[in-house]
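**Student:** Below you will find the structure I want to go over with you.
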Amino acid sequence: MEKTIGERIVEAMPFLDRASDVIQPKVRNIVDAGGTTARNVLDGVWMEVPLHPVLTDVPIGSWTAALVFDGLDIVSGRPAMRNAADASLAVGVAGGFVAAAVGFSDWRYLSGGSRRMGMAHAVSNVVGLTLSTASLLLRATGHRNAGRVAFLTGYSLNGIGAHLGGELSYKYGLRVNRNAFEETGPDDYVPVLDEAELSGDEMRRIEVDGAGVLLSRSEKDGRVCAIAATCNHMGGPLERGDREGDTVVCPWHKSRFDLCSGKVASGPAVFPQSGYETRVREGRIEVKAVEENIQEKVR
Ligand code: FES
């Protein structure tokens, strides 16, 4: 198969795996040391979308504005344009450091080709950010033309980094809701299991109309609950996870979901699990997909 532009760039950086081997465990340790609250902030659980793509708007927008103001400064020579260029560049640098920190956090779970692509994305952006930071210093010390060249070079590298980030999301599916690509399940009630077969604290995976569904009983009131059995973060099998009260902990990266509503109790997943309605008729458990599942699927 033809290689993508991103894959050709990654091939030109043979050191990526070695660097990742050293850096990734350190990133994991740092993020884990922050505890669940810090992890949920970095993962974007509180926003219900991944945080890194949102934050990247700040440097991209500010640096593009700085580029325009630099051009207007050169053409007009007006101090206001010069000041606006410097201020925009500074805002972009500040936003770039925050976006980089959150981006490394997203990368901590990756492996194989996606880890390499993520590292290449990080290298391009970190070098670009360093050059923009150097540009600020050069401008502040009276070396404006050198500062402009450093910034332009950094901006170009950040453009390459943005392309690699796009491949990471759209080719490798990083931070994409995996439930969106699975079968929806039945749109009317279908019997799936004898009620007597589902014991109190059991989590049972069943397949219905091509959809994997995780059945359980609520500890609070004994009702039968059902959510998608595949973790929407990266596809972990929830039936092999640990049950904690009425939540399930994914065996792969420890996202925790409510077994009845599918809501995220803790990340890295940010999206709720697809949900199913349940009822018991003549001793049989029946399930059907909730309407929102059906409407939200990618087709
Ligand atoms: S696959 Fe990553 S938390 Fe479930």
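Take 1 as the starting number for the sequence shown in UniProt numbering and just add one per residue.
All residues carry an ideal CB built from backbone N, CA and C; glycine is no exception.
Which runs of the beta strand (DSSP E) fall wholly inside the stretch 163-198 and span at least 3 residues, in chain order?
**Tutor:** Taking only runs of at least 3 residues, the beta strand (DSSP E) segments lying wholly in the stretch 163-198 are 190-194.
**Student:** Kindly identify the DSSP beta-bridge partner or partners of Thr-56.
**Tutor:** The residue labelled residue 56 in the question sits at position 56 within the sequence shown. Thr-56 is not bridged to any residue.
**Student:** At a cut of 8 Å, does the stretch 140-154 reach the stretch 239-246 through at least three beta carbon pairs?
**Tutor:** Counting Cβ pairs under 8 Å, fewer than three are found: no touch.
**Student:** So is the beta-carbon of Gly-236 under 7 Å away from any non-hydrogen atom of the ligand FES?
**Tutor:** The count along the sequence shown starts at 1 and reaches residue 236 at position 236. Yes, the ligand FES has a heavy atom inside 7 Å of this Cβ.
**Student:** Under the criterion of a Cβ to heavy atom distance below 7 Å, does His-52 qualify as lining the ligand FES?
**Tutor:** Sequence index remark: in the sequence shown, residue 52 carries index 52 (1-based). No, the beta carbon of His-52 sits no closer than 7 Å to any heavy atom of the ligand FES.
**Student:** Give the DSSP-derived three-state secondary structure of Leu-42 in the structure shown.
**Tutor:** Within the sequence shown, the letter at position 42 stands for residue 42. Helix, per DSSP.
**Student:** For Arg-256, which residues of its own chain have a beta-carbon under 8 Å away from its beta-carbon, when the five flanking residues on both sides are left out?
**Tutor:** Your numbering for residue 256 matches position 256 in the sequence shown. Excluding residues within five positions, the ones whose Cβ falls inside 8 Å are Glu-244, Thr-247, Val-248, Val-249, Cys-250, Val-264, Ala-265 and Ser-266.
**Student:** List the residues that DSSP assigns as beta-bridge partners of Cys-225.
**Tutor:** Working through the sequence shown from its first residue, we reach residue 225 at position 225. In DSSP, Cys-225 forms a bridge with Ser-216.
**Student:** At which residues does the alpha helix (DSSP H) containing Glu-282 begin and terminate?
**Tutor:** Taking the sequence shown and counting its residues from 1, one reaches residue 282 at position 282. Counting along the chain, Glu-282 falls outside any alpha helix (DSSP H), and DSSP gives it neither H nor E.
**Student:** Mapping the DSSP letters down to three states, classify Thr-153 as helix, strand or coil.
**Tutor:** As a first step, residue 153 must be located in the sequence shown, where it is residue number 153. It is helical.
**Student:** Taking just the CA atoms, how far does Pro-191 sit from Ser-216?
**Tutor:** Counting from 1 along the sequence shown, the entry for residue 216 is found at position 216. Counting from 1 along the sequence shown, the entry for residue 191 is found at position 191. Approximately 15 Å, taken between the alpha carbons.
**Student:** Buried or exposed: which applies to Arg-279, given that a residue is buried once 16 or more other Cβ atoms fall within 10 Å of its Cβ?
**Tutor:** On the sequence shown, position 279 is the one that residue 279 refers to. Classification of Arg-279: exposed, given that the 10 Å Cβ count is below 16.
**Student:** Tell me whether Lys-288 is buried or exposed, calling it buried when 16 or more other Cβ atoms sit within 10 Å of its Cβ.
**Tutor:** Stepping through the sequence shown from its first residue, residue 288 is reached at position 288. By the neighbour-count rule (16 or more Cβ atoms within 10 Å), Lys-288 is buried.
**Student:** Contact between the stretch 55-74 and the stretch 20-34: three or more CB pairs below 8 Å?
**Tutor:** Judged by Cβ distances under 8 Å, the stretch 55-74 makes no contact with the stretch 20-34, as fewer than three pairs qualify.
**Student:** Starting from the Cα of Glu-282, find the closest Cα among Gly-161, Pro-14, Asp-194 and Val-10 and give me that residue.
**Tutor:** Working through the sequence shown from its first residue, we reach residue 282 at position 282. Closest by alpha carbon: Asp-194.
**Student:** What I want to know is whether the C-beta of Cys-260 ends up closer than 7 Å to one or more non-hydrogen atoms of the ligand FES.
**Tutor:** As a position in the sequence shown, residue 260 is number 260, starting the count at 1. False, no ligand heavy atom lies under 7 Å from that Cβ.
**Student:** Please report the distance separating the alpha-carbon of residue 319 from that of Leu-136.
**Tutor:** The structure shown does not extend to residue 319, since the chain spans only 1 to 299, so no value can be given for it.
**Student:** For the ligand GDP, any of its heavy atoms closer than 7 Å to the Cβ of Ser-88?
**Tutor:** In terms of ligand content, the structure shown lacks the ligand GDP and carries the ligand FES instead.
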